Every structure is written in C-alpha cells, then in structure tokens.
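All remarks here apply to the structure that follows.
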Amino acid sequence: MVEPSPLLFTLLVVLLFIVCCDAINYSFEEKTRVLNLNNLKREPKIITSSNCLSKKSRIERGATILEMKHSDHCYGGTNADWNKRQQRKIITDEIRVKSLQSRIKNMVFNYNNGVSDTQIPLTSGIDLETLNYIVTIELGGRKLTVIVDTGSDLTWVQCQPCKSCYNQQDPLFNPSMSSSYQTVLCNSTTCQSLQFDTGNRGVCASNTQTCNYSVSYGDGSYTSGELGRENLNLGNTTVNDFVFGCGRSNNGLFGGVSGLMGLGMSNVSLVSQTPNIFGGVFSYCLPTTEAEASGSLVLGGNTSVYKNSTPISYTKMVQNPMLPTFYFINLTGISIGGVALESPSFGKSRFLIDSGTVVSRLPPSIYRVVRAEFMKQVSGFPSAPGYSILDTCFDLSGYEEVDIPKIEIQFEGNSGMTVDVTGVFYFVKTDASQVCLALASLSYEGEIGIIGNFQQKNQRVVYDTKQSMFGFAEEACSFE
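Position one of the sequence shown corresponds to residue 5 (the numbering used here), numbered consecutively onward.
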C-alpha cells in the first residue's frame, strides 16, 4: 500500500481545517443575528408634515415604483407619547384581529349553509390605526397620500363638500373642480357588485341615480359617499376611469392621510382594475419606523427592479372560495435559531398574509413550540412583564446589542421567509426596558393564522395574482 506523501497529507489537513471553520461560521451566521438596540431606542423628534409623508415615484424598466413610508415617524412628542402609541397599537391590533376572525367565521358559516351574499355581515374587521404604510397618488390632478392595504378592496379618499371629515394633511379632493370626474350610476354592474367587493351593496341616493357606498371598520371607523370614476396617476402611469369611493362622511384613526388604497382581489381593487397595465402583479418592501427609512411599492412584474439580496422563492396562493378576496398561503414549518420545530398544525392551516395586521398570529399549537424554543435560546435575557397579547418580554435596557435567534418561516414548495432582525422584538417602551417577542397566539386552533406587517419588514413580498403565486426575498428596503 502506497502511503500519502507528507505534502499531500499537509494539504488535506489544511483543507479539512478550512472546511470546518467555514462550516462553523456558516452555522453561527444561520442561527443568530445581531440586533443593535442603540439604533432602535427612540429619541423624540419634531417632525413636520412636509418631510414625513411619501412623495416620490418613478418608472424604471416598465415598472411603476412608489415610495413607501411608515407613518410612525410622522408623530413627534416625548418618549412617553411614543410609548403610549406603541402600547395602543398593540391593543387596537388585537381588536382588529378579533373583528376579522369574527367576520371570517360568519362568512364561512354563511357559505357552508348556503346563505346568499346579501346576508354577509357588513363589518370589514380592519382597524385603520394599524395600517401604517403610506404612498402618494395623484387623483384628478391632485396629489393625495393614502394608506396601502392588501386586506381592503375599495380605494377611497375624502371629498368636498364633506358632511363629516376627519383632519387630513393634504387638501380635500374636490370632484367639481375636475373635468374628468364621473359618477357611477345605480344600474351599473359596478354598483351592483359592491356587495361582493366591500361587504355593502351599492345604494341609490334618494334624489339621484348616484351609486352610494359605505364601508365600516372593526374599530368603529367608517367611510361613506358615492362611487366615482377619475383619472388616477401612479407616478407617471395613468389609469383612466379608475373606480373609487368619494367619501363625504368619514371618521376614524386615519393618521391625517387622505384615504386608502385597496390591493385586495375583488373586481373593484386597484389590482383588478389594472390587469392590462400591471399584469396583476405588485410587490412591496415595508420599511422600518425610522424617520429616514423608506420602502417601495412596485406595480408590475419586472423583477429586475427589485434590490433583493437573496433569490426570490415562490409559493402558490391558496384559493379559498369562502373568502375569495383575501390572500392565503400554506405555512409548512418554522425554525428558531436553526432548530426546525414540530407541530401537527404545520401544512394544515391556511394563513392570511396581510399588510394591515401588525403582529403575526399563530395557532396555539404552533405558538407554544415557537415560544418554548425561543425562550430556550434566549434564557440569559432578563425578563419583563408581558403586555396585552405579547407574553414573552424582556428588559434589554442594559444592552447595546444582543444576539437573537434567526426566525425562518417555511411555505409550501420549499419557499420561505427569513424574518428581519428588526421584526423579532416589539418595543413596548422606548428605552428597551420592555421589549417583547412580536408574535402572538390565536384564541383557538380553528381561527385563521396571519402573517403580519411587523414580520414582513425588509422583505420583498411579491403578489402575482395572474400566476397565483407569492414571492419572498430579503431586501434592505430603500426607495433610492
């Protein structure tokens, strides 16, 4: 038998050492990520409306790109004010989810028992204070800032004359000043389809043939007015005869914006009204709450304009005939710090992916194993009291940075989403004395799980309604 030469043996040892080191580094990088707490501890700032709202847009390689902002940094005040807002947001998020679950339960019951659409409850279940992501559009030549929501269908803005309007930062849209504005008539198919699109059927005004609409939200907020058509400009892209709600009576926690952009799947949504322009495809990258942070809403399917740092992984949309306007996905697994969790609920529960819910909701059987493994891996962190739906909290005020377990969510078809390091902890207090795992348990197994916007930060999330696919990739969100 020929013995290996000393030189060959040395080379083999060196190669083995390099491979082992790389494997150790790779394993470490995959298990934890560093969260810099100094970057997240909030200092009060004076913010003016002119620099906190999104105003930018561009067309790039055939795609329309709108700057996306988080509305949190539009609120100045002291740290105490910011703490109260953070705490109120969690409470209203829970109210929103309970309303949404109630609506879903009633819709499923009506579907299974052959109840007609006209008997579906009329409350949408959305709390508008949780809908934090905003873009600027141009309607009839007027620039307006609106909330972006994948859980709503009808786009609407406040209009003059207004019977009852909340305060907004942009001037009200005045249809009488636009030569291109048209009212939608009662006998039109658009008016007749409002029941399916918004949960409320179109109603004829008592003295006109105008189609009236009304949408109520889970926190008591509402908008009502007439349905109209107008030229909508998204950046430099024009959508002619766009159907929207011209709100004459509106009330709620809308944060000073002009209205709402509906990106759901019914016929009246922006997505469904623009198939020949954007091909039924849109995507977003949701930014963090820092004042300088920005993201993007991309309308159109040209993936070359994305700035993702990892390849896009795709999974199919799950069709739900009982809830056809919502976006559902099949969650098949979760890993915490490289540890793959086990639960009989994986692969059996349809999850709603939503830009409106803040904190993701998990079925109790999944949440228990997630919480147990997370606590196991961060056992050295000082504990803090829970807050509302958040029951896994820590006092990190004495740390400048911490290593936290990497959270990965797996979807059907070997697709997945790695939660950004800023999407793991929710700051109940600005000084980090009470930060909580930003996940919560549903009340019982039969409720619908939700992937919320907090876990979607710094991700490119693609909605391809033509191919019935979702796409996910990591991206450091920036409009520039």
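Yeah, the Cβ is synthetic: ideal placement off N, Cα and C, and Gly gets one too. Just so you know, these numbers come straight off a predicted model, no measurement behind them.
**Message:** Using a Cβ-Cβ cutoff of less than 7 Å, which residues in the same chain neighbour residue 186 once the five nearest sequence positions on both sides are dropped?
**Reply:** As a position in the sequence shown, residue 186 is number 182, starting the count at 1. If you ignore the 5 residues before and after residue 186, its C-beta comes within less than 7 Å of the C-beta of 232, 233, all in its own chain and listed in chain order.
**Asked** Taking C-beta to C-beta, are residue 196 and residue 251 nearer than 8 Å?
**Response** Here residue 196 corresponds to residue number 192 of the sequence shown, with the count starting at 1. Here residue 251 corresponds to residue number 247 of the sequence shown, with the count starting at 1. No, the Cβ-Cβ distance between residue 196 and residue 251 is not below 8 Å.
**Where the beta strand (DSSP E) through residue 421 begins and ends** = Your numbering for residue 421 matches position 417 in the sequence shown. Where residue 421 is concerned, the enclosing beta strand (DSSP E) stretches over 419-422.
**Request:** Determine the burial state of residue 404: buried for a count of at least 16 other Cβ atoms within 10 Å of its Cβ, exposed for fewer.
**Result:** In the sequence shown, counting from the first residue as 1, residue 404 sits at position 400. Exposed.
**Request:** Have a look at 325, 277, 439 and flag the residue whose alpha-carbon is nearest the alpha-carbon of residue 401.
**Result:** What you label residue 401 is simply residue 397 of the sequence shown in a count that begins at 1. Ranking 325, 277, 439 by Cα distance to residue 401 puts 439 first.
**Prompt:** Within the chosen definition, does the region 65-73 reach the region 317-327 through at least 3 CB pairs nearer than 8 Å?
**Reply:** no
**Item:** Contacts around residue 289, its chain only, beta-carbon distance under 6 Å, and the 5 residues preceding and following it disregarded
**Value:** By 1-based counting over the sequence shown, the position of residue 289 is 285. Result list for residue 289: 299, 300, 464, 479, 481, in chain order.
**Counted within 10 angstroms of its Cβ, other Cβ atoms place residue 569 as buried (16 or more) or exposed** = For residue 569 there is no data in the structure shown, the boundaries of the chain being 5 and 484.
**Asked** In three-state DSSP terms, what is residue 427?
**Response** Here the question's residue 427 lines up with position 423 in the sequence shown. Helix, per DSSP.
**Request:** Kindly provide the ranges of any beta strand (DSSP E) runs that are 3 or more residues long and lie completely inside the region 352-387, ordered along the chain.
**Result:** 354-357, 364-366
**Message:** Buried or exposed for residue 249, going by 16 or more other Cβ atoms inside 10 Å?
**Reply:** Working through the sequence shown from its first residue, we reach residue 249 at position 245. When all chains shown are included, residue 249 counts as buried.
**Residue span of the beta strand (DSSP E) that contains residue 463, given as start and end** = Residue numbering aside, residue 463 sits at position 459 when the sequence shown is read from its first letter. Note, residue 463: beta strand (DSSP E), 463-468.
**Message:** What would DSSP say about residue 84, mapped onto helix, strand or coil?
**Reply:** As a first step, residue 84 must be located in the sequence shown, where it is residue number 80. Of the three classes helix, strand and coil, the one that applies to residue 84 here is helix, per DSSP.
**Request:** Would you give the residue range spanned by the beta strand (DSSP E) that residue 242 belongs to?
**Result:** For the purposes of this step, residue 242 is taken as residue 238 along the sequence shown, with counting starting at 1. Unbroken beta strand (DSSP E) run through residue 242: 241-255.
**Prompt:** Looking only at C-alpha atoms, which of 100, 155, 359 sits nearest to residue 273?
**Reply:** What you label residue 273 is simply residue 269 of the sequence shown in a count that begins at 1. Ranking the options by Cα distance to residue 273, first place goes to 155.
**Prompt:** Taking the alpha-carbon positions, what's the residue 281 to residue 304 distance?
**Reply:** Locating residue 281 in the sequence shown gives position 277, where the first residue counts as 1. Locating residue 304 in the sequence shown gives position 300, where the first residue counts as 1. In a straight line, the C-alpha of residue 281 is about 8 Å away from that of residue 304.
**Prompt:** Using the beta-carbon count (16 or more within 10 Å), is residue 432 buried or exposed?
**Reply:** As a position in the sequence shown, residue 432 is number 428, starting the count at 1. Of the other Cβ atoms in all chains shown, 16 or more fall within 10 Å of the Cβ of residue 432; this residue is therefore buried.
**Asked** Taking the C-alpha atoms as reference points, what is the distance between residue 225 and residue 277?
**Response** By one-based count along the sequence shown, residue 225 stands at place 221. By one-based count along the sequence shown, residue 277 stands at place 273. Their backbone Cα atoms lie some 26 Å apart in a straight line.
**Message:** On the DSSP bridge list, what partners appear for residue 94?
**Reply:** In the sequence shown, counting from the first residue as 1, residue 94 sits at position 90. Answer by DSSP bridge pairing: none, since residue 94 is not bridged.
**Cβ-based burial, residue 386 [other Cβ within 10 Å; buried from 16]** = Here residue 386 corresponds to residue number 382 of the sequence shown, with the count starting at 1. It counts as exposed.
**Prompt:** Quick one: what's got a C-beta closer than 7 Å to residue 244's C-beta in the same chain, skipping five residues either side?
**Reply:** The residue labelled residue 244 in the question sits at position 240 within the sequence shown. Contacts found: 235.
**Message:** Taking 8 Å as the cut-off, does the region 264-273 touch the region 168-182 (at least 3 CB pairs, one atom from each stretch)?
**Reply:** no
**Prompt:** Quick one: what does DSSP say residue 455 is sitting in, helix, strand or coil?
**Reply:** Position 451 of the sequence shown, counting from 1, holds the residue named residue 455. Looking at residue 455 - three-state DSSP - the assignment turns out to be strand.
**Request:** Quick one: give me the first and last residue of the alpha helix (DSSP H) that residue 275 is part of.
**Result:** Residue mapping note: residue 275 aligns to position 271 of the sequence shown, counting from 1. Where residue 275 is concerned, the enclosing alpha helix (DSSP H) stretches over 274-277.
**Asked** With 16 other CB atoms within 10 Å as the buried threshold, where does residue 484 fall?
**Response** To locate residue 484, count along the sequence shown from 1; it is residue 480. It counts as exposed.
**Cut-off 7 Å between Cβ atoms - residues of its own chain near residue 227, not counting five sequence neighbours on either side** = In the sequence shown, residue 227 corresponds to position 223, counting from 1. Excluding positions up to five away in sequence, the list reads 160, 219, 249, 251, 254.
**Prompt:** Where in the region 144-222 do unbroken runs of the beta strand (DSSP E), each at least 3 residues long, occur, reported from the N-terminal end onward?
**Reply:** Complete beta strand (DSSP E) runs here, min 3: 146-153, 160-162, 215-220.
**Message:** Let's see if you can read the secondary structure: which residues bound the beta strand (DSSP E) around residue 287?
**Reply:** Stepping through the sequence shown from its first residue, residue 287 is reached at position 283. For residue 287, the uninterrupted beta strand (DSSP E) segment begins and ends at 285-289.
**Item:** residue 446 to residue 366 span [Cα, whole Å]
**Value:** As a first step, residue 446 is located in the sequence shown; it is residue number 442 there, counting from the start. As a first step, residue 366 is located in the sequence shown; it is residue number 362 there, counting from the start. So the alpha carbons of these two residues sit roughly 6 Å apart.
**Nearest to residue 270 (by Cα), restricted to the options 362, 153, 158** = Locating residue 270 in the sequence shown gives position 266, counting from the first residue. It is 158 whose Cα lies nearest to the Cα of residue 270.
**Request:** State whether the region 322-341 contacts the region 421-432, with contact taken as three or more CB pairs (one from each stretch) at a distance under 8 Å.
**Result:** no
**Asked** Helix, strand or coil: how does DSSP classify residue 238 here?
**Response** One-based indexing of the sequence shown puts residue 238 at position 234. It is a strand residue.
**Message:** According to DSSP, residue 264 sits in a beta bridge with which residue or residues?
**Reply:** Taking the first residue of the sequence shown as 1, we reach residue 264 at position 260. In DSSP, residue 264 forms a bridge with 151, 160.
**Request:** Check whether the Cβ atoms of residue 95 and residue 392 lie closer than 8 Å to each other.
**Result:** Walking along the sequence shown from the start, residue 95 turns up at place 91. Walking along the sequence shown from the start, residue 392 turns up at place 388. For residue 95 and residue 392, yes; Cβs fall inside 8 Å.
**Message:** Just to check my reading of the structure: residue 456 and residue 358 have Cβ atoms closer than 8 Å, yes? What is that Cβ distance to the nearest angstrom?
**Reply:** For this step, residue 456 is matched to residue 452 along the sequence shown. For this step, residue 358 is matched to residue 354 along the sequence shown. Indeed they touch by this definition, with Cβ atoms about 6 Å apart.
**Asked** Assuming residue 419 and residue 317 make a contact with CB atoms under 8 Å, what is their CB distance in whole Å?
**Response** Locating residue 419 in the sequence shown gives position 415, counting from the first residue. Locating residue 317 in the sequence shown gives position 313, counting from the first residue. Contact holds; Cβ gap of about 4 Å.
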